[in-house]
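Below is one structure, written out as structure tokens; the observations come after it.
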RNA sequence: GGAGAGGUGGGUGAGUGGCUGAAACCACCAGUUUGCUAAACUGACGUACGGGUAACUGUACCGGGGGUUCGAAUCCCCCUCUCUCCGCCA
């Protein structure tokens, strides 16, 4: 969430910036300032009364010890009124405090000044394009045909075991998954990321920390018996490692990565363009996460972009990089770049990575801060994350782009991981 | 799942109703001493919110929430987590 400070100090700036996300913040910003004022006033009052109460209590203690029971008892009677007042004021303070929190939680992050205005994916800005779109000769099968032809991924079987959107990878299909995961992790390690293998169910506090809760319950599978959520991305457990943590400034940036399966309910989003591997309820992904110094976070973002781009280049896939417009970026992000690869049989661009800087927005929820040698108070860090990479659409593009009449050619870089160079 | 013991500041750990935001020790930081390092000594050493230009100061926080009391780290209730034993189990 945004810090109170920026809202208090620059309300107009906040309102202007949020327009880029298509969000009219005027009313809520005003409400936040009002509520905060009320909260502050009631705190000032109740603190005074509590101070008085503490003073009296101390006095009573002393009187009792000195054996002055009569005085002590009469002082004790005085406290009753005070106690009631405190109770009432405390209640209204808590009420303001809760109101303020829920207002703050509902305000999206401010977009960076680079973010283009716009409302839909059509307004995203293409910043780079690379690779070569293959000219397929002869048969040109979409991946959902290819997986059947070579019997490597089975949707019907997944439906039998679980439901739609939970595919079963078989034989070389399964091996290709494992190869990609290992390839991504090895590359991440070379880029300085520490591998972690986190739980794939998380508690409510973690969901809140990264911004999936309280608003987006619909995206996550909820285990009601334990009140756990299945992770929609490794971002959730990996970033939450730093919840309520004060880091040493010298340790920044902190770079972690994790492979996890990801689970998304994607309620109501089924329809055209989501065939095959294009959209799943369970998929595999390697995620990179950085906790960065505020002054260095955009450097970190550039590094992450270069890392993701490098992965795609090594896989030999044609790609483009988009800077998301205000309307298409997420609630919590300040700046997001999407990577899309071209899938030659569908003749479509498929999103395979999303790399974002959240600045202090997540850190403020997480209470992830750093402290320098000379700094008096801890400051919020910046947090960033990106997919490096999400597997299914990468697989779709590899299958479609590398198909020949006699089989699917495995990208060179994956051959040592797969142990085969063709799926046939 | 059953029984018991616990959760105190970065760490170890004292603290069973008031003088405890919290002893002591260790670590960290600043300084003194020393040719350097070490040792020794001195001092500083939590977080949040409020007031103040500032020095400073008020309030809250001893796993979380509620209660008793003039007053709670300390007593009571609920939850949670950890450890030990038993059961089950990859």
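In the working numbering, the protein residues as written are 111 to 534. Each residue gets a CB set at the ideal place from its N, CA and C atoms; glycine is no exception. None of the values given here were measured: they were computed from a predicted structure.
Problem - Presumed contact (8 Å Cβ cut-off) between residue 499 and residue 396, rounded CB distance - result: If you number the first chain from 1, residue 499 lands on position 389. If you number the first chain from 1, residue 396 lands on position 286. That pair is a contact at about 6 Å.
Handout entry: Burial state of residue 242, where buried means 16 or more other Cβ atoms lie within 10 Å
Key = In the first chain, residue 242 corresponds to position 132, counting from 1. Exposed: under 16 other Cβ atoms inside 10 Å.
Practice task
Output the boundary residues of the alpha helix (DSSP H) element that contains residue 125.
Solution key: The sequence position of residue 125 within the first chain is 15, counting from 1. Its alpha helix (DSSP H) spans residues 121-129.
Problem - DSSP three-state assignment for residue 449, whether helix, strand or coil - result: Locating residue 449 in the first chain gives position 339, where the first residue counts as 1. Here residue 449 sits in strand by DSSP.
Practice task
Let me know the secondary structure DSSP gives residue 372 once reduced to three states.
Solution key: Reading the first chain from its first residue, position 262 is the one you call residue 372. Reduced to three states, the DSSP call for residue 372 is strand.
Exercise for the section: Look at residue 213 and residue 138 and say whether their C-beta atoms are less than 8 Å apart. Expected result: Start at 1 with the first residue of the first chain, and residue 213 comes out as number 103. Start at 1 with the first residue of the first chain, and residue 138 comes out as number 28. A contact, by the Cβ cut-off of 8 Å.
Problem - Buried or exposed (CB count within 10 angstroms, at least 16 for buried), residue 147 - result: Position 37 of the first chain holds residue 147. Exposed is the call here.
Exercise for the section: Using three-state DSSP, classify residue 530 as helix, strand or coil. Expected result: Within the first chain, numbered from 1, the residue matching residue 530 stands at position 420. It is coil, neither helix nor strand.
Problem - Residue interval of the alpha helix (DSSP H) (run including residue 296) - result: As a working mapping, residue 296 is identified with position 186 in the first chain. Looking at the DSSP string, the run of the alpha helix (DSSP H) that includes residue 296 is 282-300.
Practice task
Could you tell me if residue 293 is buried or exposed, where buried requires 16 or more neighbouring beta carbons within 10 angstroms of its beta carbon?
Solution key: Position 183 of the first chain, counted from the start, is the residue given in the question as residue 293. With 16 or more other Cβ atoms within 10 Å, it is buried.
Handout entry: residue 218 burial status per 10 Å Cβ neighbour count (16 or more: buried)
Key = Position 108 of the first chain, counted from the first residue, corresponds to residue 218. Buried is the call here.
Practice task
Would you kindly report the start and end of the unbroken alpha helix (DSSP H) that includes residue 495?
Solution key: Within the first chain, the letter at position 385 stands for residue 495. It is not in any alpha helix (DSSP H) - residue 495 instead sits in the beta strand (DSSP E) that spans 492-500.
Handout entry: Start-to-end residues for the beta strand (DSSP E) that takes in residue 240
Key = Taking the first chain and counting its residues from 1, the one referred to as residue 240 is at position 130. 235-240 is the extent of the beta strand (DSSP E) around residue 240.
Handout entry: Nearest candidate by alpha-carbon position, reference residue 427, set 339, 505, 256, 166
Key = Counted from its first residue, the first chain places residue 427 at position 317. For the residues 339, 505, 256, 166, the minimum Cα distance to residue 427 belongs to 505.
Handout entry: Residues near residue 199 in its chain [Cβ-Cβ closer than 7 Å; skip 5 each side]
Key = By 1-based counting over the first chain, the position of residue 199 is 89. So the list reads 152, 155, 156, 159, once near-sequence residues are dropped.
Practice task
Tell whether a beta-carbon distance below 8 Å holds between residue 113 and residue 349.
Solution key: The count along the first chain starts at 1 and reaches residue 113 at position 3. The count along the first chain starts at 1 and reaches residue 349 at position 239. Not in contact: residue 113 and residue 349 (Cβ atoms no closer than 8 Å).
Handout entry: Contact between the stretch 348-368 and the stretch 324-333 (3+ Cβ pairs under 8 Å)
Key = no
Handout entry: Cα-Cα separation between residue 456 and residue 298, rounded to whole angstroms
Key = On the first chain, residue 456 is found 346 positions in, with the first residue counted as 1. On the first chain, residue 298 is found 188 positions in, with the first residue counted as 1. For residue 456 and residue 298, the distance between alpha carbons rounds to 30 Å.
Practice task
Label residue 333 either buried or exposed according to how many other C-beta atoms from any shown protein chain fall within 10 Å of its C-beta, with 16 as the threshold for buried.
Solution key: Reading the first chain from its first residue, position 223 is the one you call residue 333. Its Cβ having fewer than 16 others within 10 Å, residue 333 is exposed.
Practice task
Could you say if the stretch 462-479 and the stretch 488-502 meet the contact criterion of at least three C-beta pairs nearer than 8 Å?
Solution key: yes
Practice task
Inspect the CB distances between the stretch 249-257 and the stretch 504-523 and report whether three or more fall short of 8 Å.
Solution key: yes
Handout entry: Start and end residues, alpha helix (DSSP H) containing residue 150
Key = For the purposes of this step, residue 150 is identified with residue 40 of the first chain, where counting begins at 1. Note, residue 150: alpha helix (DSSP H), 136-175.
Practice task
Keeping to the same chain, check which residues put their C-beta closer than 7 Å to that of residue 495; ignore five residues upstream and five downstream.
Solution key: Taking the first residue of the first chain as position 1, residue 495 is located at position 385. Hits under 7 Å: 345, 349, 397, 398, 399, 466.
Handout entry: C-alpha distance - residue 289 paired with residue 483, whole-angstrom precision
Key = For this step, residue 289 is matched to residue 179 along the first chain. For this step, residue 483 is matched to residue 373 along the first chain. Looking at the two C-alpha atoms, the distance is approximately 44 Å.
Exercise for the section: Would you mind stating whether residue 432 and residue 249 have Cβ atoms separated by less than 8 Å? Expected result: By one-based count along the first chain, residue 432 stands at place 322. By one-based count along the first chain, residue 249 stands at place 139. Their beta carbons are not under 8 Å apart, which means residue 432 does not touch residue 249 by this criterion.
Exercise for the section: Let me know if residue 196 comes out buried or exposed under the rule of 16 or more other beta-carbons within 10 Å of its beta-carbon. Expected result: To locate residue 196, count along the first chain from 1; it is residue 86. Per the 10 Å Cβ criterion, buried.
Practice task
With DSSP collapsed to three states, give me the class of residue 460.
Solution key: Numbered from 1 along the first chain, position 350 holds the residue referred to as residue 460. DSSP places residue 460 in strand when its eight states are reduced to three.
Practice task
Could you work out which residue in 121, 191, 143, 231 is closest to residue 449 when comparing CA atoms only?
Solution key: Stepping through the first chain from its first residue, residue 449 is reached at position 339. Selected option, being the one with the closest Cα: 231.
Practice task
Grab me the residues of residue 475's own chain with a C-beta within less than 6 Å of its C-beta, minus the 5 sequence neighbours each way, in chain order.
Solution key: By one-based count along the first chain, residue 475 stands at place 365. Once the five neighbours on either side are set aside, the close Cβ partners of residue 475 are 111, 319.
Practice task
Please classify residue 315: is it buried, with 16 or more other beta-carbons within 10 angstroms of its beta-carbon, or exposed?
Solution key: Numbered from its first residue, the first chain carries residue 315 at position 205. Burial call: exposed.
Practice task
Go through the stretch 170-237 residue by residue and report every complete run of the alpha helix (DSSP H) that reaches 4 residues or more, in order.
Solution key: 179-215
Problem - Coarse secondary structure for residue 423, derived from DSSP in three states - result: Here residue 423 corresponds to residue number 313 of the first chain, with the count starting at 1. Residue state, collapsed to three classes: helix.
Problem - When 464, 284, 131, 181 are compared against residue 529, the one with the closest alpha-carbon - result: Taking the first residue of the first chain as position 1, residue 529 is located at position 419. Among 464, 284, 131, 181, the Cα nearest to that of residue 529 belongs to 284.
Handout entry: For residue 277 and residue 271, the rounded distance between their alpha carbons
Key = Along the first chain, read from residue 1 onward, the residue named residue 271 stands at position 161. Along the first chain, read from residue 1 onward, the residue named residue 277 stands at position 167. Whole-angstrom Cα-Cα distance: 9 Å.
Practice task
Can you grab the Cα-Cα spacing for the pair residue 180 / residue 194, in whole Å?
Solution key: The sequence position of residue 180 within the first chain is 70, counting from 1. The sequence position of residue 194 within the first chain is 84, counting from 1. Spanning the two alpha carbons is a distance of roughly 23 Å.
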